[in-house]
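For the sequence shown, my numbering begins at 798 and goes up steadily by one.
Using N, Cα and C, we set each Cβ at its ideal position, and we do this for glycine too.
Being a predicted model, the structure only gives us computed values, none of them experimental.
Reviewing the structure listed below.
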Amino acid sequence: MNARKKVLFGIIGMSFFLLLVWGFFLISNRLTYIERTVLNGQEGQNIAVMDGHTVIEQEIRMPYGLFWGIDVKTGTYGRNNNSFWEICIREKESGKKIYDWEYNASQVFDGENYFRSVKTPVKVKKGNLYTVSIRSKDATGNSALSFYASEGDEYEDGKLFVNGEEVEGDLCIGVYGGERDPFWGFFYCLTVGSGAGVLLYALFCMYKKQDGERAGKLLGAFLAAFVCMVLTYVFTRENMGTFTDECDNIRGGILIAKGRVLYRDYYTQHTPFGYYLCAFFAWLGAKSIQQFRLLYYLFSAILWGGLYYRHCGFFGKVKMFLLPVVRIVIILPMFFQASKILGDNIQGFCIVVLMMEYIRYWKDGELGKGRCAIVAACIFASIASTFVSVFAIAPVVIGVLFKEVLLWKEKGRIDGKNMLVRYGFLASAVCLPFVVSFVYFAANHAAGKLYLMAYRFNTMVYNNYQEQFGRIKWKPFFLGLKNFFLAIGDNFNAMLTATGSSTSVIQLLLAVGAAAALLLWWKDIGKREGAVASLALLLCMSGNGTRSGTDFHSAALWNAALALIVLIGMGRGFGEKKLGEGKAALFCLIGCYLIAPYAKMVVDHIVYDREPVSGIDEQIVAITEPGEEIFMDAFVHDSIYLLYKERYPANRNCYILPWYMDWFEYDTLEDLEEKKPRVLIYKPETEVYGQTGFCPVLDMVIQGRYERNSEDSIIWKLK
């Protein structure tokens, strides 16, 4: 390499390094939550600004380390005031300007808290004095504004000035901001560092080891993971909404990370994997729904990159890159819940990985340690995420047993030592995580409650609210097959009667495409073996639809169907041969149709205004102390912010719902009696599945010992 090239590469490298450093400092100032502090809410006088010479100045003591916005209660005299105004914030001591806004008074409504925010959070000195000044550029008597203030000095930390003279009172003003969160810098370093590490190792393999094949696989894996992360980013944002089960996983994960034990200290009817995955994310520093989703998508992207690296040589690079991309574009917009941290979505990923290993196993018949470890991890994660996934896994197990019988028949005799060598590691790998989990829960006196809540509760109590689902233990196996074919029929009928949606069309295409792919695989393997292998995959796929074939509980079903289409239905040479004009046009047409829901979702959500924490959260934090336990009905108010502010649930059962109250009403009363929390979040009028008054004893105790903030408030205080 000559000197000129060295200089060029040096400049490029330094520029890239500076860009990364700039990105780190930019993202480090991101706010996890936008909080609001009301400095003065008492109004008793109005200070009018009738001309361009009057200046109002209010001293404030900055409550945050990062400043985001301000609101000032303003009066317009009930008219549209077409005049220009300026709000400026400066350091009191140095006079340094922090931020200023210009606005037209026609944007202001009479008696509102007029709000202005910065584009990116501004670093300030928490506890220092700052001055908020308000003046008009061109106001007259007909376009004047007035600013609400208290009659006396309600805000002790600052003074109010009009044209430089101190006056009695304080402006009705609120400040928005928050504290610097090290998570953002950590996440930036984690993503950039892992990506840079893969790229550097790929270059090392290419130039030092002369291993171009490995370098190509690493680069492909990096690209697959990068594209997955970019495509899923839109789903992390706050305006994508929340879902009860996801918040339940996150809340449980945070409490586990704080030392509590699932089922013993936090009641749930769900299996544990999602909670402990979120506990791992909480241990990494996640504190908000967006942060948990970012880590979840990063974790998923890394796994998809690993799958690309492992399988691109067998299925082909194009298909292994295409599968995670089309999954994001097609499946995630299909259901609101498909992008959330839910057991159904974890199950879907695990089943797809199992299918990949199963398809390759039928080709090579190998049970190597790598395959055994992957299969064991997927079986555990899937069952520990949704117990009904056993109905999807069982057909694959039967298919493998059938294949093993054929292999042993070919060998002519069964040898015990060879069987131990072949199956010993697989059996140990499958059993180990279940044994470790049992020991963990047993050691924490929660094994019995795990069985009671995750299994018995669902088959004895919750099934009464789910059309007796699970009462007959083997019935879900057939329900999956039934729901799969019903999805085909119902979606086809919806199209014929013009009552369907794009989701109906996509589900029909996926179902028919998966069935066709299985027929092709059957033909490829052979009559007898192909029939068993294909039937096992069909039952595995349909086994993911035991609870539904069309709603979000069927997400794993459609993940499996899509995987079959891409991995089997597209053929081995897909992406390597040139398509004819007709096929290319058809693929383009279908692709545009399938991408449309994702494109619409991105356009609808890519631009949004971040919202500050809710007024309810503000009130609860204001009347409680960090570390204080409060009684929490998360179904009424599902707030992760309260955990961020160290307001933890006093009740083990955080969801006051009919099925939980059937078994756990007296446990909830016991928590109320023992801990006597000062503050409750509760709504006696809650209606679930048309039911109200499903916890009469709890309701009577709460209404007897606590008083409601107002007639319709969900906040209660101890009398």
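Check: If you draw a straight line from the C-alpha of Cys-1337 to the C-alpha of Leu-987, how long is it?; Outcome: 36 Å
Check: Looking at the C-beta of Tyr-1457, does it have a partner C-beta in chain D at a distance below 7 Å?; Outcome: The chain labelled as chain D is not found in the depicted structure, where only one protein chain is given.
Check: Report buried or exposed for Trp-819, applying the criterion of at least 16 other Cβ atoms within 10 angstroms of its Cβ.; Outcome: exposed
Check: Under the DSSP definition of a beta bridge, which residues are partnered with Thr-1041?; Outcome: Per DSSP, none; premise fails for Thr-1041.
Check: Who does Phe-944 pair with in a DSSP beta bridge?; Outcome: Ile-844 and Thr-871
Check: Compute the beta-carbon to beta-carbon distance between Val-1149 and Ala-1357, rounded to the nearest angstrom, for a pair I have assumed lies under 8 Å.; Outcome: 6 Å
Check: Would you mind stating whether Ser-943 and Gly-872 have Cβ atoms separated by less than 7 Å?; Outcome: yes
Check: What residues match up with Met-1429 in a beta bridge as DSSP calls it?; Outcome: Ile-1478
Check: Over the uninterrupted beta strand (DSSP E) stretch that includes Ile-886, give me the two end residues.; Outcome: 881-888
Check: Comparing alpha-carbon positions, which option in Met-1367, Glu-1201, Leu-836 and Leu-863 lies nearest Ile-857?; Outcome: Leu-836
Check: Can you give me the Cβ contacts of Tyr-1503 inside the same chain, cut-off strictly under 7 Å, excluding the 5 residues immediately before and after it?; Outcome: Leu-1477, Trp-1513, Lys-1514, Leu-1515 and Lys-1516
Check: In the DSSP assignment, the alpha helix (DSSP H) including Asn-1280 goes from what residue to what residue?; Outcome: 1272-1293
Check: For Asn-910, name the three-state secondary structure that DSSP assigns.; Outcome: strand
Check: Under a three-way DSSP split, which group does Phe-864 fall into?; Outcome: strand
Check: Assign Lys-1160 to one of three DSSP states: helix, strand, or coil.; Outcome: helix
Check: Please report how far the alpha carbon of Trp-882 lies from the alpha carbon of Asp-907, in whole angstroms.; Outcome: 16 Å
Check: Taking DSSP as the reference, what is the three-state secondary structure of Gly-975?; Outcome: strand
Check: State the DSSP-derived secondary structure class of Glu-965, mapped to helix, strand or coil.; Outcome: coil
Check: List the endpoints of the continuous alpha helix (DSSP H) containing Thr-1465.; Outcome: 1455-1472
Check: Which residue's Cα is closest to the Cα of Gly-1277: Ser-1331, Leu-1354, Val-1218 and Leu-863?; Outcome: Leu-1354
Check: Within a Cβ cutoff of 6 Å, which residues of the same chain sit near Phe-864, ignoring the five residues on either side of it in sequence?; Outcome: Val-919, Val-921 and Gly-974
Check: Take Ser-1331 as the anchor and find which of Asn-1341, Ala-1313 and Gly-1342 has the nearest alpha-carbon.; Outcome: Ala-1313
Check: Among residues of its own chain, excluding the 5 on either side of Phe-1199, which ones have a beta-carbon nearer than 6 Å to its beta-carbon?; Outcome: Val-1329
Check: Taking just the CA atoms, how far does Ile-1211 sit from Asp-1435?; Outcome: 58 Å
Check: Using the Cα positions of Leu-1249 and Glu-1201, report the straight-line distance between them to the nearest angstrom.; Outcome: 36 Å
Check: For the alpha helix (DSSP H) that contains Gln-839, what are its first and last residues?; Outcome: No alpha helix (DSSP H) contains Gln-839, which DSSP labels as neither H nor E.
Check: Quick check on the DSSP output: the beta strand (DSSP E) that includes Ile-1180 runs from which residue to which?; Outcome: Element bounds for Ile-1180: not the beta strand (DSSP E) but the alpha helix (DSSP H), 1166-1182.
Check: Within the chosen definition, does the region 1068-1075 reach the region 1171-1189 through at least 3 CB pairs nearer than 8 Å?; Outcome: yes
Check: Quick check: Ile-1176 and Val-1227, are their CB atoms within less than 7 Å of each other?; Outcome: yes
Check: Relative to the C-alpha of Ile-1128, which candidate in Cys-1169, Ile-1392, Asn-1255 and Gly-1323 has its C-alpha closest?; Outcome: Ile-1392
Check: Could you name the residues of the same chain whose beta carbon sits closer than 7 Å to that of Gln-1263, not counting the 5 residues immediately before and after it, in chain order?; Outcome: none
Check: Quick one: Cα of Leu-1440 to Cα of Thr-851, how far?; Outcome: 45 Å
Check: Candidates Gly-1213, Arg-833 and Gly-807: which alpha carbon is nearest Arg-1407's?; Outcome: Arg-833
Check: The beta strand (DSSP E) with Ser-930 in it runs from where to where?; Outcome: 926-933
Check: Leaving aside the five residues before and after Ala-1431 along the sequence, list all residues of the same chain whose C-beta is less than 6 Å from its C-beta, in chain order.; Outcome: Cys-1451 and Tyr-1452
Check: Is there contact here, the region 959-973 with the region 897-907, by at least three beta-carbon pairs under 8 Å?; Outcome: no
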